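Here's the structure we're looking at; comments come further down.
2 protein chains.
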Amino acid sequence: MKQAKKKSLEEKGWRVGDVQEFLKLSREEAAYIEIKLTLSKNLQDYRKSKHLTQGDLARRIKSSQSRVAKMESGDPSVSIDLLVRSLFALGASKKILAGMLE
Amino acid sequence: MKQAKKKSLEEKGWRVGDVQEFLKLSREEAAYIEIKLTLSKNLQDYRKSKHLTQGDLARRIKSSQSRVAKMESGDPSVSIDLLVRSLFALGASKKILAGMLE
DNA sequence: TTACAATATGTCAATATTGACATATATTTA
DNA sequence: TAAATATATGTCAATATTGACATATTGTAA
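Going down the list, the protein sequences come from chains E and S. The letter at position 77 of the first sequence is residue 77 when you use our numbering, and the numbering goes up by one with no holes. Here our numbering = 1-based position in the second sequence + 1000.
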């Protein structure tokens, strides 16, 4: 955007640059959420493939059934760290993790 | 381990099973730490390849230079979440992330 | 149906992670 | 060299994540 136009808009009260910033942020936010959902889904598949209940997995990682449920439902209160640690507890490796993201 | 042997050891005060549990935990812990270090190193390379200072990156992710330094040094106070969000802020994609873990 | 097992949802105190700050230590440039 | 710039390290109050709990809902076998 030309400086003159930018200045003109700013004089009218617009915060120029915010749209681009918004788009960039939402792109990054979307990528972040997508990763969490990918890990969530894979965790559930992985657990089921081992014929474990949420309670079983909870015991293994010293957590609770309700937290495992939140992990698998993509609850925003769950960190990537916890998802990754849970996958490792089920026997996944770094390579397997990489495969989940492809 | 045979049950008789196990019982005998337990009578002597040993917590049998702890060794296996310790090994399993350390295996998972090692994998978790390895992932963080991998992301740390890649973050630094990625940042440098874009000719940005730690301060520049800090501004982009609304954090501080000191936290970026901790991210790149593999400081245990840094979460995978923060590392991943930072990589996305530098333009990385899910696929690129996967490549880092291979 | 009715038990029973598994999963989902909401809450919260305890714990972990965070950005910010001060300041030390490189590293680069004039 | 010295000054400027970049990075490292320690601390801490604010915020986010956590396990635990209660309880609701869903699935499932008798």
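Positions of the beta carbon are idealized from the N, C-alpha and C atoms, including for glycine. If you're wondering where the values come from, they're calculated on a predicted model, not measured in any experiment.
Check	Outcome
Determine, using beta carbons only, whether V84(E) and I1080(S) come nearer to each other than 8 Å.	yes
Under three-state DSSP, which class holds E1028(S)?	helix
Find the nearest neighbour of S37(E) within the set V78(E), F22(E), A89(E) and A92(E), judged by alpha-carbon distance.	The residue asked about is misnamed: residue 37(E) is Leu in this sequence, not Ser. The candidate whose alpha carbon is nearest that of L37(E) is V78(E).
Would A98(E) pass as an interface residue toward chain S - the criterion being a Cβ-Cβ separation below 8 Å?	yes
Contact defined as beta carbons within less than 8 Å: I believe K1024(S) pairs with E102(E). What is the distance between those atoms, to the nearest angstrom?	27 Å between Cβ atoms; not a contact.
Looking only at its own chain, which residues have a Cβ that is under 6 Å from the Cβ of G1055(S), when we skip the five neighbours before and after it?	Q1065
Exposed or buried, which one is S86(E) when buried takes at least 16 other CB atoms within 10 Å?	buried
Mapping the DSSP letters down to three states, classify I52(E) as helix, strand or coil.	The question names Ile, but residue 52(E) in the sequence shown is Leu. Correct three-state label for L52(E): coil.
Might you give, ordered along the chain, the residues of its own chain that have their beta carbon closer than 7 Å to the beta carbon of L43(E), omitting 5 neighbours on each side?	M71, E72, L83, S86 and L87
Quick one: using the 10 Å Cβ neighbour count with 16 as the cut-off for buried, is L1097(S) buried or exposed?	buried
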